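The structure appears below as C-alpha cells.
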Amino acid sequence: MNRNIRLALVPLLLLAVLSAAMTWYLASTAGGPPAPSLPSGPVTETLSRNDLPLPTADKPSQLVPAVAGLVVPAELPASLDGTSVPQGWARVDSAGNLIPTAQLRTLFEYYLSALGEETLPQLVARIRQALAVLVEPARQQAMEVLAGYLDYKLAVSDLEASYQGQGATGAAELARRMGEVQALRRSFLDDRTATAFFAADEAVDEFQVARLRIREDSNLTADEQAAAIARAEQALPAPLREARQATRRFADYERVKATLADDPEALRRYRETEFGEAAARRLEQAEAEREDWGRRWQAYSDERSRLQASGLAAPELAAGIERLRASYFHGAELARAEALDSIR
Numbered sequence: 001m002n003r004n005i006r007l008a009l010v011p012l013l014l015l016a017v018l019s020a021a022m023t024w025y026l027a028s029t030a031g032g033p034p035a036p037s038l039p040s041g042p043v044t045e046t047l048s049r050n051d052l053p054l055p056t057a058d059k060p061s062q063l064v065p066a067v068a069g070l071v072v073p074a075e076l077p078a079s080l081d082g083t084s085v086p087q088g089w090a091r092v093d094s095a096g097n098l099i100p101t102a103q104l105r106t107l108f109e110y111y112l113s114a115l116g117e118e119t120l121p122q123l124v125a126r127i128r129q130a131l132a133v134l135v136e137p138a139r140q141q142a143m144e145v146l147a148g149y150l151d152y153k154l155a156v157s158d159l160e161a162s163y164q165g166q167g168a169t170g171a172a173e174l175a176r177r178m179g180e181v182q183a184l185r186r187s188f189l190d191d192r193t194a195t196a197f198f199a200a201d202e203a204v205d206e207f208q209v210a211r212l213r214i215r216e217d218s219n220l221t222a223d224e225q226a227a228a229i230a231r232a233e234q235a236l237p238a239p240l241r242e243a244r245q246a247t248r249r250f251a252d253y254e255r256v257k258a259t260l261a262d263d264p265e266a267l268r269r270y271r272e273t274e275f276g277e278a279a280a281r282r283l284e285q286a287e288a289e290r291e292d293w294g295r296r297w298q299a300y301s302d303e304r305s306r307l308q309a310s311g312l313a314a315p316e317l318a319a320g321i322e323r324l325r326a327s328y329f330h331g332a333e334l335a336r337a338e339a340l341d342s343i344r
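So that you can map any letter, position 8 of the sequence shown is 8 in full-length UniProt numbering, and since no number is skipped, the others follow by simple counting.
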C-alpha cells in the first residue's frame with residue numbers, strides 16, 4: 001500500500017498491534033506456548049528496484065524460475081530464528097488446483113520480511129522450497145502467484161513514488177488512491193487471488209474512508225459522528241470488529257493500570273474481575289516478563305554504548321558486543337536482541 005494510505009491507516013494498525021498483544025496475554029497456555037510466528041499483518045507491500053539483482057533480473061518475477069538451483073543457508077535469517085513457518089496455505093481442490101488463501105500471502109511475507117538480512121533471490125529461493133510440497137498443477141500455479149505478487153510489490157513502490165510524497169487531502173483523494181492500489185493488485189493477480197490476499201486490508205481501507213467522510217461532515221454532531229462510525233464498523237469482517245473491541249478493552253485496562261500503579265493488589269483484583277482468575281494470572285506473568293525484558297535491554301544498551309565508546313577496533317568491538325549480548329539474552333531472546341541491534 002502506498003505511503004500516504006499507510007499513514008492514514010496508522011490508527012487502525014496500532015489497534016491491530018494492541019489487539020494482538022491482548023490476545024497473546026489472554027491466550028490459553030494449556031500444553032505450553034507454541035513457537036511464535038510472525039504476525040499476519042500489517043506488512044510492507046513494496047519492493048525497491050535496488051533489491052533486484054541487475055542485470056540478471058529487471059523484474060522480481062524473473063527470479064522465480066531463475067533461483068531454482070540456488071542453495072540457501074540451512075539456518076534461517078536471524079529475525080526468523082525461533083519463529084514458526086506459517087501453516088494452512090497448502091490448499092488444493094479435488095483436481096489438484098491451488099486454492100489461494102490469505103495464509104499463502106502470509107507465507108510469502110514471512111520470508112520477504114527478512115529482506116536485507118538475505119538478498120531477494122535467496123528469499124525467493126526459500127519460498128520456492130516451501131512451495132515444493134505442493135503437487136502439480138498447484139505447485140506451478142503457486143509459482144505463478146508468487147511471480148505476480150512480487151511484480152505487484154514493485155509496482156506499488158512505483159505508484160508510491162508517483163505521489164511525490166504528497167499526502168491525501170481528504171476522503172475523496174484517499175478513496176481514489178485506494179482504488180488505484182486495488183486495481184493494481186488485480187492487474188498482477190487474478191480477482192480470486194487478489195480477494196483472498198487482500199480482502200481484510202480492503203475492508204479496513206473502506207472503513208477508513210467511511211470514517212474520514214464522517215469526520216469531514218460538519219452537519220453531524222459529535223454523538224452522530226460516533227454513531228455513524230459505529231455503524232460503519234459493522235461492515236468490517238467479524239475478526240476485525242472483534243479486534244477493535246479487544247483493543248478498546250485493552251486500552252481501558254492500560255488506563256486502569258496507570259491509575260492503580262501504586263496499588264498492585266487493587267490492580268490484581270481488577271484483572272481477576274475483568275478477565276477471570278486464570279487469564280489474570282497469565283496477564284500478570286506476561287507483564288512481569290515484559291518488564292524483565294525491558295530492564296535487561298536497558299542495562300545491555302547502556303553497557304553496549306560504553307563499549308562502543310571505548311575505542312576498540314571493529315573486530316574486537318563486534319566480538320565484545322556479541323559476548324555482552326549473550327550474557328543478557330538466550331535462545332529466541334538473543335535472536336530478538338540481534339534483530340533490534342541490526343536496526344539501530
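Virtual Cβ for every residue (Gly too), placed ideally from N, Cα, C. All of these numbers come straight from a predicted model, not from anything done at the bench.
| Check | Outcome |
| --- | --- |
| For V92, three-class secondary structure by DSSP | strand |
| E117, DSSP secondary structure in three states | coil |
| Span of the alpha helix (DSSP H), counted from its first residue to its last, around G179 | A171 to F188 |
| 4-residue-minimum alpha helix (DSSP H) runs that sit fully inside the region 189-213, ordered along the chain | none |
| Length of the line joining the Cα atoms of residue 345 and I127 | Outside the displayed span of the chain (1 to 344) sits residue 345, for which this structure offers no information. |
| Burial state of G96 (16 or more Cβ within 10 Å) | exposed |
| Option nearest G69 by Cα separation, candidates R296, V124 and A288 | V124 |
| Beta-carbon separation (whole angstroms), A175 vs E117, contact threshold 8 Å | About 37 Å; that fails the 8 Å criterion. |
| Alpha-carbon to alpha-carbon, R192 and L63 | 24 Å |
| Limits of the alpha helix (DSSP H) - the one that F275 falls within | P264 to F275 |
| Whether L112 touches W89 by CB criterion (8 Å) | no |
| Start and end residues, alpha helix (DSSP H) containing D223 | A222 to E233 |
| Inter-stretch contact at 8 Å, needing at least 3 Cβ pairs: the region 132-143 / the region 175-191 | no |
| Whole-angstrom distance between E291 and I321, CA atom to CA atom | 23 Å |
| Helix, strand or coil at L123 according to DSSP, with G and I counted as helix | helix |
| Per-residue DSSP class, three states only, for L312 | coil |
| Integer-rounded CB distance, given that V204 should sit under 8 Å from P121 | Going by Cβ atoms, the distance from P121 to V204 rounds to 32 Å, so no, they are not a contact pair. |
| Residues of its chain near A228, where Cβ-Cβ distance is below 6 Å and the 5 sequence neighbours each way are ignored | I214 |
| H330 versus P237 - alpha carbon distance | 39 Å |
| Beta-ladder partner(s) of L98, from DSSP | V92 |
| Rounded straight-line distance, which links the Cα of A200 to that of R241 | 11 Å |
| Identity of the residue in L324, G294, S61 and A288 nearest S305 by Cα | L324 |
| Rounded separation between L212 and R186 - CA only | 25 Å |
| Under 8 Å between C-beta atoms of F197 and A114 | no |
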